[in-house]
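Colleague: Numbering (UniProt numbering), first residue to last: 1 to 129.
Cβ coordinates follow ideal geometry from the N, Cα and C atoms, glycine included.
#1: When DSSP builds the beta bridges, which residues end up paired with residue 110?
#2: Tell me whether residue 38 sits in a helix, a strand or coil according to DSSP, three-state version.
#3: What is the C-beta distance between residue 41 and residue 120, in whole angstroms, given that I count them as a contact (C-beta under 8 Å)?
#4: DSSP state of residue 44, grouped into three classes?
#5: Just to confirm the assignment, what range does the beta strand (DSSP E) spanning residue 83 have?
#6: With DSSP collapsed to three states, give me the class of residue 105.
#7: Using 10 angstroms around the beta-carbon of residue 11, count the other beta-carbons present and answer buried if the total reaches 16, otherwise exposed.
#8: Which one of 94, 104, 97 has the shortest CA to CA distance from residue 16?
#9: Beta carbon of residue 4, beta carbon of residue 93: below 8 Å?
#10: Using alpha carbons as the reference points, say which of 127, 2, 107, 102 lies closest to residue 67.
#11: Which residues in the same chain have their Cβ closer than 6 Å to the Cβ of residue 20, if we skip the five residues on either side of it in sequence?
#12: For the candidate residues 83, 84, 109, 64, whose alpha-carbon lies nearest to that of residue 7?
This is the structure in structure tokens:
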């Protein structure tokens with residue numbers, strides 16, 4: 001029987017106005033060392049974004065670009081720069097580091113799983129949708 005392995009995850013949060021400390025859960029990032037996996041899954045409600053940012057297309061485009069960078073860094077895509085070349089654990093730590101920006105992550109939590117990809121999907125459904 002396959003053994004469950006340790007994973008770590010954080011919730012991706014959209015923080016429209018950092019000074020108000022309000023946020024919307026928009027995704028999940030998950031790292032599992034033993035399964036050599038780092039992945040991110042997110043969703044953006046276009047209508048909600050337009051309402052929050054008063055149709056500021058430049059701001060909305062920047063949010064989308066930042067989230068694409070999360071995907072590229074998780075995947076180790078060299079288009080994301082030097083960070084994407086770091087070992088998997090270091091990339092996860094860099095992505096989940098505390099920031100005061102429009103996209104932030106929750107504290108990192110852990111658990112055990114047989115399948116990291118399936119767990120990412122489950123956490124996304126439970127914490128975001």
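Modeller: Per the coordinate set shown:
#1: 8
#2: strand
#3: 6 Å
#4: coil
#5: First-last for residue 83: undefined, no H or E at that position.
#6: The answer is strand: DSSP assigns residue 105 an E or B state.
#7: buried
#8: Answer by Cα proximity: 104.
#9: no
#10: 102
#11: none
#12: 109
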